[in-house]
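These protein sequence lines map, in sequence, to chains A and B.
With the working numbering applied, the first sequence has no gaps in its numbers, which climb one by one up to 414 at the end.
With the working numbering applied, the second sequence has no gaps in its numbers, which climb one by one up to 945 at the end.
For every residue, glycine included, the Cβ atom is placed at its ideal position computed from N, Cα and C.
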Amino acid sequence: MADTKRKTTVVTRRDVLKGAAAVTGTAILGAPAFISAQPVTLRYLGTAVNQSKEIAQKVKADLGIVIEYVPVTTDDVSKRIITQPASFDIADVEYFQLRKLIPSGNLIGMDASRIKYADRITPVFTRGEVAGKKVGDQGTAPKKVFYLEGKSSTKFSATPTQWITLIPTVYNADTLGIRPDLIKRPIGSWSELLNAEFKGKSSILNIPSIGIMDAAMVVESLGLHKYQDKGNMTKAEIDLTTKALIDAKKSGQFRAFWKDFNESVNLMASGEVVIQSMWSPAVTKVRSMGVPCIYQPLKEGYRAWAAGFGLPKTLSGKKLDAAYDFINWFLSGWAGAFLNRQGYYSAVLDTAKAQMEPYEWAYWMEGKPAEKDIKAPDGTLLEKAGTVRDGGSFEARMGAVACWNAVMDENDYMVRKWNEFIAA
Amino acid sequence: MERVHRGLSDREAGRTAVLEPASALATARAGVWRRRLTSRAAAPYWQAAPLALVFAFFFVLPLVVMVVVSFWRYNEYSITPALVGDNYVSVFSGCVAELPSLCLTFKTYLSTLKFCVLAWALTLLLGFTVAYFLAFHVRSLTAQMALFLVCTIPFWTSNVIRMISWVPLLGRNGLVNGFLITAGLTREPQTWLLFSDFSVVLAFVHLYTMFMIVPIFNSMSRIDRALLEAARDAGASGWQALWNVVVPLSKPGIVIGSIFVVTMVMGDYVTIGVMGGQQIASIGKVIQVQLSYLQFPLAAANAVVLLAAVLMVIAAMTRLVDVRKEL
């Protein structure tokens, strides 16, 4: 597991000078200088994609808090929270994992009264709405697991309370990625993944809980079955879904499956695969390699996911205060703008908007053609002027969510059937 | 190191204790114990103790824990001590009911076994040939060493990079397909070259042949050259000398190399995953998926079954040759 290596924020000479300046500054003002003199370190557990060096540097400069990233895989985030709850100070977790994590009691509810922007978090999370309209809530939709009954409760509350499980960091709507130059015709439905036209050229992701949902989107779109809840299938539905996958696999539909971001980029960029489940940054990566790739909006809608900050029950004192400071900072705009510019969505939209150029906001969030060249946070060119974002505006994309990443009641059975699919 | 030194000084102490007159010995029980601990007979135990402790702590203990946990109960977020066989039932569920079609576990083991046999046969053939060439045809020690280093070149980069580098070579738009098409050998790109049983076996051979070469070369370099001359003098042809003299005397190397290759292939899931395009099952992958879904007891049960399978294979191989006797 090479990705469990620790990344520690390096303190440069300039940081030290800045820190020293801050100390002198506050000392002159008569504020307690020891806070700056002894910076609090927060161990930030999460996946590497969400852990940007820029964010850590900015927090250091703005708040004097040192962020020490602990990058692991999504699965290892849950494993750590359950088995080593004292090994981190703040965790970046996906909402669907909460159904496993909250009953363990290792995460506590966050006090909404200490979160400055709590009431301005987008209603996607609090009510499951985009622009006043309800979005699909199949699977573990964030609104189902957003509130706890009490601070240390292990039960979710259906109605808003003061105790929030996770403060959202990033979320997005996932769909299929395609190679328009190799397919040469419009794609408009999930069913195309199993179209015989793409025999030996399609792929699905080999992460059971997510792969099965993509498969369910395909099965429903083929008209084979209408699910009550794609994120919580019955055993019979799991059988039916995996059977459809096994039949396709046996007929040679799939070129390969992928498990991590880079594998999906390689499959697509090399032309081994022309249509596959994909994540948004992977599409951007393929495009930045000069290979045409579209994150194709489909008529059945998107499979959405969301992640957020959770706090371990062991946190107290100065570290707890620092964690709240960090979260408040995160929602205050700079980080949101940074994430929006990568194609993710941020939790509090208006603070992020204030930190973005109007043309950036129009491209990323309003689905308008880019007035100027669109650049990534590191300055590399992402899109030329005139391009429109795949899927359009925030409302068009998040409003068309059909289901959310989930943990099923029949999780054990699903994992077992998925293993059978891989072995078939 | 400290322990080793103590071990040595204990032996010194033991020697002096034996040499001294018996009068000092007939004292308290503590004295008897001390004598036992410092006697010459105890010395080997002291010497073995450091390794034994490391072994017990880092190997035996985890193994015991694994076996114990495989009988526990679990749910999504916790595991509870128990003594139930549910996990084993789950590992083999459907294996009898679904006959004659194979259940997940049998199918996976069969596929793993197939890779074992293929990888073993090919690495043995290649490894033996290379080792033979190095041991008998390269006369100078410097040249042997240089060629040995050449053999290790594939290990200069990481395992994952080595595997990923096959993609631009064997892929649909890769070098091999490019060559085949321009040479007019095929019209369509050949897709069986990558993400197939072929590519998995290819990667295994590439990765593990070295593990065959080293022990076989080691055995071969101990063969007395006079034996080969004697075989020649007795009228044996080159092949007869090879089959009747070199192969039997290289057996320990062959068995050790085979144990390396077979155990590595049995437990592998990274190579099968990457080269098989995640489409081919392996026991390691099943265990990994179960671990990532926090099904620790189930994963432990699978690991115990895998361990038993590997031990059986090794037992069978060591029955063919008594490695300890031959060394």
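{"Check": "What number of angstroms, rounded off, separates the C-alpha of A/Gly190 from the C-alpha of A/Ile168?", "Outcome": "14 Å"}
{"Check": "For a cutoff of 8 Å on Cβ pairs, would you count A/Gly15 as touching chain B?", "Outcome": "Caution is warranted here: a pLDDT of 47 is assigned to A/Gly15, below 50, making its placement in the model unreliable, and the coordinate value is therefore given only provisionally. Not one chain B Cβ lies under 8 Å of A/Gly15."}
{"Check": "Quick check on the burial criterion: 16 or more other C-beta atoms within 10 angstroms. Buried or exposed for A/Asp368?", "Outcome": "exposed"}
{"Check": "Compare the beta carbon distance of B/Thr809 and B/Arg790 with 8 Å and say whether it is the shorter of the two.", "Outcome": "yes"}
{"Check": "Would you check if there are 3 or more beta carbon pairs closer than 8 Å linking the stretch 124 to 134 of chain A to the stretch 388 to 402 of chain A?", "Outcome": "yes"}
{"Check": "In chain order, what are the residue ranges of uninterrupted alpha helix (DSSP H) at least 4 long that sit wholly in the stretch 824 to 861 of chain B?", "Outcome": "843 to 851 and 856 to 859"}
{"Check": "Ordered along the chain, which non-local residues of its own chain (more than five positions away) have a Cβ less than 8 Å from that of B/Val709?", "Outcome": "Thr723, Leu916, Ala919, Asn920 and Val923"}
{"Check": "Return the chain-ordered ranges of every alpha helix (DSSP H) run that is complete within the stretch 773 to 833 of chain B and spans a minimum of 4 residues.", "Outcome": "777 to 782, 785 to 788 and 793 to 800"}
{"Check": "Any residues in the stretch 81 to 96 of chain A with a beta carbon nearer than 8 Å to a beta carbon of chain B? Which ones, in chain order?", "Outcome": "Arg89, Lys90, Leu91, Pro93 and Ser94"}
{"Check": "Please confirm whether A/Ile157 and A/Ala297 have their CB atoms less than 8 Å apart.", "Outcome": "no"}
{"Check": "Nearest CA to the CA of A/Gly261: which residue from A/Met279, A/Trp354 and A/Lys249?", "Outcome": "A/Met279"}
{"Check": "Could you give the residue range of the alpha helix (DSSP H) that holds A/Trp394?", "Outcome": "No alpha helix (DSSP H) holds A/Trp394; the beta strand (DSSP E) holding it covers Val391 to Trp394."}
{"Check": "Taking any Cβ of chain A, which residues in the stretch 772 to 797 of chain B have a Cβ under 9 Å from it, in chain order?", "Outcome": "Ser776, Val778, Ile782, Val785, Pro786, Gly789, Arg790, Asn791 and Gly792"}
{"Check": "Would you mind sorting B/Ser758 into buried or exposed? The rule is 16 or more other CB atoms within 10 Å of its CB.", "Outcome": "exposed"}
{"Check": "In terms of residues, what are the limits of the beta strand (DSSP E) holding A/Trp248?", "Outcome": "Phe244 to Trp248"}
{"Check": "Evaluate A/Phe244 with the Cβ neighbour count: other Cβ atoms within 10 Å of its Cβ, from every protein chain shown; 16 or more gives buried, anything less gives exposed.", "Outcome": "buried"}
{"Check": "Looking at C-alpha atoms only, which residue of A/Thr370, A/Gln345, A/Leu372 and A/Val378 is the closest neighbour of A/Glu356?", "Outcome": "A/Val378"}
{"Check": "I'd like to know if B/Leu722 contacts chain A, where contact means its C-beta is closer than 8 Å to some C-beta of that chain.", "Outcome": "yes"}
{"Check": "Would you tell me roughly how many angstroms separate the C-alpha atoms of A/Leu301 and A/Lys50, rounded to the nearest one?", "Outcome": "20 Å"}
{"Check": "I need the boundaries of the alpha helix (DSSP H) containing A/Arg387, first residue and last residue.", "Outcome": "Phe384 to Met388"}
{"Check": "Whose C-beta lies closer than 6 Å to the C-beta of A/Ala259 among residues of the same chain, with five residues either side of it excluded?", "Outcome": "Val276, Met279 and Val281"}
{"Check": "Beta-carbon of B/Glu806 versus every beta-carbon of chain A: anything under 8 Å?", "Outcome": "no"}
{"Check": "Do we get a CB-CB distance below 8 Å when we pair B/Leu912 with the residues of chain A?", "Outcome": "yes"}
{"Check": "If contacts are defined as beta-carbon pairs under 8 Å, then A/Lys133 and A/Phe115 qualify, I think. What distance do you get, rounded to the angstrom?", "Outcome": "6 Å"}
{"Check": "Which residue wins for smallest C-alpha separation from B/Ile834, given the options B/Leu752, B/Thr881 and B/Asp851?", "Outcome": "B/Leu752"}
{"Check": "B/Phe920 by DSSP, collapsed to three states: which one?", "Outcome": "According to the sequence shown, residue 920 of chain B is Asn rather than Phe. Looking at B/Asn920 - three-state DSSP - the assignment turns out to be helix."}
{"Check": "Suppose you measure from the CA of A/Lys343 to the CA of A/Trp319; what does that come to, to the nearest Å?", "Outcome": "15 Å"}
{"Check": "Could you round the C-beta distance between A/Ala143 and A/Leu195 to whole angstroms and report it? I think they count as a contact, below 8 Å.", "Outcome": "Note that residue 143 of chain A is Ser in the sequence shown, not Ala. Between A/Leu195 and A/Ser143 the Cβ distance is about 34 Å, and since that is not below 8 Å, they are no contact."}
{"Check": "Just mark B/Val865 as buried or exposed, buried being the case when its beta carbon has 16 or more other beta carbons within 10 Å.", "Outcome": "exposed"}
{"Check": "Closer than 7 Å by C-beta to A/Ala386: which residues in its own chain qualify, once you throw out the five before and the five after it? Chain order, please.", "Outcome": "Gly357"}
{"Check": "Rounded to whole angstroms, how far is the Cβ of B/Ile901 from the Cβ of B/Thr726, which I believe are closer than 8 Å?", "Outcome": "6 Å"}
{"Check": "Taking all protein chains shown into account, do 16 or more other C-beta atoms lie within 10 angstroms of the C-beta of B/Val735, making it buried, or fewer, making it exposed?", "Outcome": "exposed"}
{"Check": "Could you give the uninterrupted runs of the beta strand (DSSP E) lying entirely in the stretch 266 to 349 of chain A, keeping only those of 3 residues or more?", "Outcome": "284 to 286 and 292 to 302"}
{"Check": "Please report the Cβ distance between A/Phe316 and A/Ile80, rounded to the nearest whole angstrom; I am assuming they are in contact, meaning their Cβ atoms lie under 8 Å.", "Outcome": "7 Å"}
{"Check": "Chain B partners of A/Lys69, CB-CB under 8 Å?", "Outcome": "Leu909, Ser910 and Leu912"}
{"Check": "Beta-carbon within less than 6 Å of A/Ile177's beta-carbon, same chain only, minus the 5 sequence neighbours each way: which residues are those?", "Outcome": "Ile168 and Gln286"}
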